[in-house]
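S.K.: For reference, the structure I am asking about is given below.
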Amino acid sequence: MYGLINRAIHDLVIKSADTGTWERIKARAGFEVETFLSMETYPDAVTVTLVVAAADELHTTPDALLERFGRHWVSYAAQHGYRDLMQARGDSLFAFISRLDDLHARLSLIFPKLRPPSFKAEEIDARTLRLHYISERDGLTPFVIGLMHGLGGLFGHEMDVKLERSRADGHAHDELLLRIV
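Written out as structure tokens, the structure is:
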């Protein structure tokens, strides 16, 4: 993953705790690096180790931390130069979500080693969407759930997000039911 992700985890920890907590997380994870470089790629294991260490230090679970991080990611990306790109992807929440693959294609121009997931959206009605989340990476569904909540907030909506089908249960990919509350 790109260092931008790890920097966003750092930002979440600093905003919810403090610098000392971040230093303890880095020590627990076994990292001596002072800062992650946004445009540098790091093995996925680095991010996983950070998430596990942060969850331990913040007295939560990795899944709960990932969901919180997904919510945080939306505002972090908007504050760090991606607001215009995000705003160009649709004028409504469901239009934006339906174009996430297009957004990732554009981001691939900036991040050539990007390995994004794929999202396929099926509109059920004006307030409900079924989202097919397809990824080569395991364990990031809680992040996507948080991301959907964060995107809802970006568009001024509260979202109900439920995992309907899971790769962990033998399905080909995860399916989420999104409903505007």
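Mapping the sequence shown onto this note's numbering, position 113 (from 1) lands on 93, and the numbers just tick up by one. Backbone N, C-alpha and C define an ideal beta-carbon position, used for all residues, glycine too. Owing to the predicted nature of the structure, the values given are computational and were not obtained by experimental measurement.
#1: Considering just the uninterrupted stretch of the beta strand (DSSP E) at Lys100, what are its terminal residues?
#2: How do the stretch 120 to 137 and the stretch 40 to 60 stand: do at least 3 beta-carbon pairs fall below 8 Å, yes or no?
#3: Should the stretch 104 to 118 be regarded as contacting the stretch 145 to 161, the criterion being three or more beta carbon pairs within less than 8 Å?
#4: Taking the alpha-carbon of Arg8 as reference, which of Thr27, His129 and Phe91 has the nearest alpha-carbon?
#5: Could you tell me which of Ala34, Asp105, His84 and Arg95 sits nearest to Met(-19), measuring between CA atoms?
#6: To which residues of the same chain is Phe91 closer than 7 Å at the C-beta, ignoring the five residues directly before and after it?
#7: Under the rule that 16 or more other beta-carbon atoms within 10 Å means buried, what is Glu14, buried or exposed?
#8: Considering Tyr56, what are the terminal residues of the beta strand (DSSP E) in which it resides?
#9: Should Glu37 and Ile5 be called a contact, given that it needs their Cβ atoms to be closer than 8 Å?
#10: Leaving out the 5 sequence neighbours to the left and right, which residues in its chain are closer than 6 Å to Leu80 when beta-carbon positions are compared?
#11: Can you tell which of Arg147, Lys142, Asp149 and His153 has its C-alpha closest to the C-alpha of Glu47?
#12: Whose CA, out of Gly133, Ser115 and Asp140, lies closest to the CA of His151?
#13: So the candidates are His129, Arg147 and Lys93; which of them puts its Cα closest to the Cα of Arg117?
#14: From Ile104 to Ala44, what distance separates their C-alpha atoms?
#15: Just to check my reading of the structure: Pro23 and Val32 have Cβ atoms closer than 8 Å, yes? What is that Cβ distance to the nearest angstrom?
#16: Taking DSSP as the reference, what is the three-state secondary structure of Asp140?
#17: Do you know offhand how far Arg172's Cα is from Met19's?
#18: Taking DSSP's pairing of strands, which residues face Asp154 in a bridge?
M.R.: Once the coordinates are examined:
#1: Counting along the chain, the unbroken beta strand (DSSP E) around Lys100 starts and ends at Ser98 to Asp105.
#2: With a cut-off of 8 Å, the stretch 40 to 60 and the stretch 120 to 137 count as touching, because enough Cβ pairs lie within range.
#3: Flag = yes, the stretch 104 to 118 and the stretch 145 to 161 touch.
#4: Selected option, being the one with the closest Cα: Thr27.
#5: For the residues Ala34, Asp105, His84 and Arg95, the minimum Cα distance to Met(-19) belongs to Arg95.
#6: Excluding residues within five positions, the ones whose Cβ falls inside 7 Å are Tyr(-18).
#7: Under the 10 Å beta carbon count, Glu14 is surrounded by fewer than 16 other beta carbons and is classified as exposed.
#8: Per DSSP, Tyr56 lies in no beta strand (DSSP E); the unbroken alpha helix (DSSP H) holding it starts and ends at Pro42 to Ala57.
#9: Contact: yes.
#10: Excluding sequence positions up to five before and after Leu80, its CB lies within less than 6 Å of the CB of Phe99, all in the same chain and listed in chain order.
#11: With distances taken between Cα atoms, Glu47 lies closest to Lys142.
#12: Checking every option, the nearest Cα to that of His151 belongs to Ser115.
#13: Nearest C-alpha to Arg117: Arg147.
#14: Looking at the two C-alpha atoms, the distance is approximately 28 Å.
#15: Not confirmed; about 14 Å, so no contact.
#16: Here Asp140 carries a strand assignment [DSSP, helix/strand/coil].
#17: In the structure as shown, the chain begins at -19 and stops at 161. Residue 172 is therefore absent and cannot be evaluated.
#18: Answer by DSSP bridge pairing, in chain order: Tyr113.
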